[in-house]
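Visitor: Chains A, B and C supply the protein sequences, listed in that same order. Just so it is clear: in the first sequence, position 81 is 81 by our numbering, and no numbers are missing. Quick note, our numbering runs 1000 ahead of the 1-based positions in the second sequence. Quick note, our numbering runs 2000 ahead of the 1-based positions in the third sequence. Note that beta-carbon positions come from the ideal geometry of N, C-alpha and C, so glycine has one too. One structure is given below, represented as structure tokens, and several questions about it will come after.
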Amino acid sequence: MEAYLNRSIKEVIKEFPTVESVLDEYGIGCGPCAVGSCLLKDIVEIHNLSAGEERELMARIAQSIHPDREIELPQKPRKTPAKAHEIKYSPPMKKLVDEHVLIKRWVALIPEVVKDIDLESEEERGIICDGIDFVRSYADKFHHAKEEEILFKYFDENLDILKVMQEDHQRARNHVRAILAGLGLKDREVVAQHLIEYGELLSEHIRKEDEILLPWMDRHLSISQVGELFSKFNEVEEKIGFTPEKYLHFIDRLERRFTRKEG
Amino acid sequence: MKITRKIIRIDEEKCDGCGLCVPSCAEGALQIVDGKARLISEKFCDGLGACLGECPNDALRVIEREAEDFDEKAVEENLKAGELAKGEEPSAMACGCPSTHIQTFAPPKAHPQAERTATHRSAKTALSHWPVQIRLVPASAPFLKGADLLVVADCTPVAYPSFHQDFLDGKVVMMGCPKFDETQAYIQKFADIFHTAGIKSVEVVTMEVPCCQGLPAIVKKGLELSGKKIPLSQVVISTRGEVLKTQRLVA
Amino acid sequence: MKTFEGCPGSKVMQVLDREERTEEGTGKVQSHLRQWPIQLHLISPTAPYYQGKDVLLTADCVGYALGGFHRDFLKGKSIAIACPKLDEGQDIYVEKIKSWFEDAKINTLTVLIMQVPCCMGLLNLAQQASQISKSKVPVKYLVVGIQGEILQEEWVAV
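As structure tokens, this is what we get:
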């Protein structure tokens, strides 16, 4: 078992597929992860399980790896991992989590937008363009100017979890390019497919950040660093110049339009 | 006016004068007098029995007998007068304010949380009781009995890095500010403590600043008033955290 | 309240940075206190040792309950101590904390209180100041048990 602690989770799951479902029961979704380079021993620390849960999880993984051995499982009821709204964040992290909320509202509208979209209509193409502009300005510029360009730089860029996040960002940008290309060609299939996949990617990505990455970062930042981040975030927002209200109104309008369609 | 009603009864055989019941009475009806808990006046007791839970010796009971009726106004006046006169123990809150709740405990051997919490691996604490403020520690507190007493100016553990190891370890501490606190009441309190608690020794630790020098004077006065002979020494700490001076005040 | 210009007890002093003085073998420990005075009643919020700093606002009793207070919490910070239960004239406290935020532009405020209910008043003062202040600063609070354990540690919503 000790030898496996220093292997990447991707390797471990490849060799012992049951490990994936065990991890899943503890809310750790390493299976579908594109990168999978996190070491087995680091995964628990990143996910902040209690001491009891950690013992239980490791015992069950050990059982998957060595099914012939007698392993004693501690008898303890397991609690579900904290949901985003239960987690207490430091002020700079909270800012990022609040910005995620707006992005999630946009993502929630994607199925409606895509349903009967008519790309011949300039107005409807405009809605998609505005949505892409929202994502590029609000998510990429306003949000990532803080997250990627400031916060992530406080940590070693070679950290596996950061690589996972960067990979997600890259895939997201690829989708956006494909959507714009599809718009140009008025290809409804391409636009719809990429929008849906993009929405799913974003949802999952935001969940990972809210529930795992940002709390982990909070645990590893000193009080002083939190203060610095808070100031830097404020500074960069002033420098960027645009105000988030504009994007809030945009989402409000979009929601009113698409929920009215249903009713 | 006398009526038949519920009122507490103190079994003087069982009562050892520990004083735990005193702050638990919101009406301030109980006091330690000559080493035993006593009802100051029948009028102050409402017969509720909140004090019963605090007594470790089962010396309190609620009984029914002929007694002066409970007088709320008298209680108010008594509480107010008590605060003005002594300015020490604040009138006990109805819930029994935990800040005045007397507790004794052994300093823990290790902190189980220390391993998990990467950020705060606290050094061992040497504190063995609560409360710690001069104003809040009653003269009858059980942890004072036979103790080596440390009297400290508030600021000291902030200025002196190894306060727990070098001063607090094995001692009972009382902290106060000779500049801002009601020092007259302190003299009387120390006099009571030295008179009744069997204190073995007293060390007074203060900062180098002049306003701190009132503290050893207060303790010395209390010692004189008590009529007891107890070794008294003083340590002065600089703002840079060094011991500047150690001296015997009373052999 | 009298003014205290003459009293060395309240004279503002910056203790200069000095090299490590921990002497091996003697067990002598370096002090992390870099200022005087420390009592909230006596400090000036705009004193040089608060400017842009991480500030610790501590209840009087905390240093007595927390064995590692000096090394684990004070290091690298500036401090003020107060008793929210027994101190008089606490209105000035909110003003001073507000001045920390707006004038001294402190980096963070960490409030250290005991688990006893009356101590919560110190956090309330900090929150009040935060609400009325034009400048927002991250505020964290820790609750210390009387046996020296950290019972709670949280960031306050800004």
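Beta-carbon within less than 6 angstroms of Glu255/A's beta-carbon, same chain only, minus the 5 sequence neighbours each way: which residues are those?
Guide: Nothing listed; no residue qualifies.
Visitor: Apart from the five residues on each side of it in sequence, which residues of its chain come closer than 6 angstroms, Cβ to Cβ, to Ile1134/B?
Guide: If we look at Ile1134/B and ignore the five residues flanking it on each side, its Cβ neighbours are Met1174, Gly1176 and Tyr1186.
Visitor: Straight-line CA distance for Ile1003/B to Leu1048/B?
Guide: Cα to Cα, Ile1003/B sits roughly 16 angstroms from Leu1048/B.
Visitor: Tell me which residues of the segment 213-245 of chain A have at least one Cβ-Cβ distance to chain C shorter than 9 angstroms, keeping chain order.
Guide: Residues Asp218, Ser222, Ile223, Ser224, Val226, Gly227, Glu228, Leu229, Phe230, Ser231 and Asn234.
Visitor: Check whether chain C comes within 9 angstroms of Lys14/A, counting only Cβ atoms and requiring the distance to be less than that.
Guide: No - not a single Cβ of chain C is within 9 angstroms of the one on Lys14/A.
Visitor: Between the beta-carbon of His1129/B and the beta-carbon of Phe1143/B, is there less than 9 angstroms?
Guide: Result yes, Cβ atoms of His1129/B and Phe1143/B sit closer than 9 angstroms.
Visitor: How would you label Phe242/A, buried or exposed, when you count the other beta carbons within 10 angstroms and need 16 or more for buried?
Guide: Looking at its Cβ environment, which holds fewer than 16 other Cβ atoms inside 10 Å, Phe242/A is exposed.
Visitor: Do Lys2109/C and Ala2082/C have their C-beta atoms closer together than 9 angstroms?
Guide: What sits at residue 2109/C in the sequence shown is Leu, not Lys. No, Cβ-Cβ distance for Leu2109/C and Ala2082/C is not below 9 angstroms.
Visitor: Say whether chain A places a C-beta atom closer than 9 angstroms to the C-beta of Val2144/C.
Guide: No - not a single Cβ of chain A is within 9 angstroms of the one on Val2144/C.
Visitor: Indicate whether the contact test is met: 3 or more Cβ pairs, each with one atom in the segment 1034-1043 of chain B and one in the segment 1014-1021 of chain B, closer than 8 angstroms.
Guide: Taking 8 angstroms as the limit for Cβ pairs, the verdict is that the segment 1014-1021 of chain B does touch the segment 1034-1043 of chain B.
Visitor: Could you check the C-alpha separation between Cys2118/C and Gln2127/C for me, to the nearest Å?
Guide: Computed Cα separation, rounded: 15 angstroms.
Visitor: Looking at the strands, I want to know which residues DSSP matches up with Arg1248/B.
Guide: According to DSSP, which records beta bridges pairwise, Arg1248/B is partnered with Ser1233/B.
Visitor: Residues in its own chain within less than 8 angstroms of Gly1053/B by CB, not counting five upstream and five downstream?
Guide: These residues qualify, in order along the chain: Ser1024.
Visitor: With 9 angstroms as the threshold, decide whether the Cβ of Val2111/C is near any Cβ in chain B.
Guide: It does not: the Cβ of Val2111/C has no partner Cβ on chain B nearer than 9 angstroms.
Visitor: So for Cys1055/B, helix, strand or coil by DSSP?
Guide: Reduced to three states, the DSSP call for Cys1055/B is coil.
Visitor: For a cutoff of 9 angstroms on Cβ pairs, would you count Pro92/A as touching chain C?
Guide: True, the Cβ-Cβ gap to chain C drops below 9 angstroms.
Visitor: Measure the C-alpha to C-alpha separation of Phe152/A and Ser37/A and round it to an integer number of angstroms.
Guide: Distance between the alpha carbons of Phe152/A and Ser37/A is about 18 angstroms.
Visitor: May I ask you to verify whether the segment 83-103 of chain A touches the segment 57-68 of chain A, counting CB pairs closer than 8 angstroms and requiring at least 3?
Guide: With the cut-off at 8 angstroms, the segment 83-103 of chain A and the segment 57-68 of chain A do not touch.
Visitor: Is there at least one Cβ from chain B nearer than 9 angstroms to Pro2037/C's Cβ?
Guide: Closer than 9 angstroms: yes.
Visitor: Could you tell me whether the Cβ of Gln2147/C comes closer than 9 angstroms to any Cβ of chain B?
Guide: At least one chain B Cβ lies under 9 angstroms of Gln2147/C.
Visitor: How far does the alpha helix (DSSP H) with Ala1050/B in it reach, from first residue to last?
Guide: Where Ala1050/B is concerned, there is no enclosing alpha helix (DSSP H), given that its DSSP letter is neither H nor E.
Visitor: Does the beta-carbon of Ala2104/C, which I'm using as the reference point, lie nearer than 8 angstroms to any heavy atom of the ligand ATP?
Guide: Among the components modelled here there is no ligand, and therefore nothing to report on the ligand ATP.
Visitor: Tell me which residues share the same chain as Asp68/A and place their Cβ nearer than 7 angstroms to its Cβ, disregarding the 5 neighbours each side in the sequence.
Guide: No residues qualify anywhere along the chain.
Visitor: Quick check on Asn2124/C: buried or exposed, where buried means 16 or more other Cβ atoms within 10 Å of its Cβ?
Guide: Exposed, by the Cβ-count rule.
Visitor: Measuring straight from C-alpha to C-alpha, what distance separates Glu300/A and Lys146/A?
Guide: What the structure shows of chain A is the stretch from 1 to 263, and residue 300/A is not part of that stretch, so it cannot be assessed.
Visitor: Would you please verify whether the beta carbon of Val101/A is less than 9 angstroms from any beta carbon of chain C?
Guide: With 9 angstroms as the cut-off, Val101/A does not count as an interface residue toward chain C.
Visitor: Under 9 angstroms, Cβ to Cβ, is there at least one residue of chain B near Gln2030/C?
Guide: Answer yes: the Cβ-Cβ gap between Gln2030/C and chain B drops below 9 angstroms somewhere.
Visitor: Along the segment 1159-1170 of chain B, what residues have a CB closer than 8 angstroms to any CB found in chain C?
Guide: Result list: Ala1159, Tyr1160, Pro1161, Ser1162, Phe1163, His1164 and Leu1168.
Visitor: Tell me whether Leu1039/B sits in a helix, a strand or coil according to DSSP, three-state version.
Guide: Reduced to three states, the DSSP call for Leu1039/B is strand.
Visitor: Would you list, in chain order, the members of the segment 2046-2072 of chain C that have their beta-carbon closer than 7 angstroms to a beta-carbon of chain E?
Guide: Protein chains in the displayed structure are A, B and C, and chain E is not among them.
Visitor: With DSSP as the reference, label Asp130/A as helix, strand or coil.
Guide: Looking at Asp130/A - three-state DSSP - the assignment turns out to be helix.
Visitor: Inspect the beta-carbon positions of Lys1171/B and Asp1148/B and report whether they are closer than 9 angstroms.
Guide: Their beta carbons are under 9 angstroms apart, which means Lys1171/B touches Asp1148/B by this criterion.
Visitor: Given a threshold of 16 other Cβ atoms within 10 Å of its Cβ, counted over all protein chains shown, does Asn6/A qualify as buried or as exposed?
Guide: Exposed.
Visitor: Residues in its own chain within less than 7 angstroms of Thr1183/B by CB, not counting five upstream and five downstream?
Guide: Excluding sequence neighbours, Thr1183/B sits near Gly1214 and Ile1218.
Visitor: Does the beta carbon of Gln1133/B come closer than 9 angstroms to any beta carbon on chain C?
Guide: For Gln1133/B, the answer is yes, since a Cβ of chain C falls inside 9 angstroms of its Cβ.
Visitor: Using a Cβ-Cβ cutoff of less than 8 angstroms, which residues in the same chain neighbour Ile1063/B once the five nearest sequence positions on both sides are dropped?
Guide: Excluding positions up to five away in sequence, the list reads Lys1006, Ile1007, Ile1008 and Arg1009.
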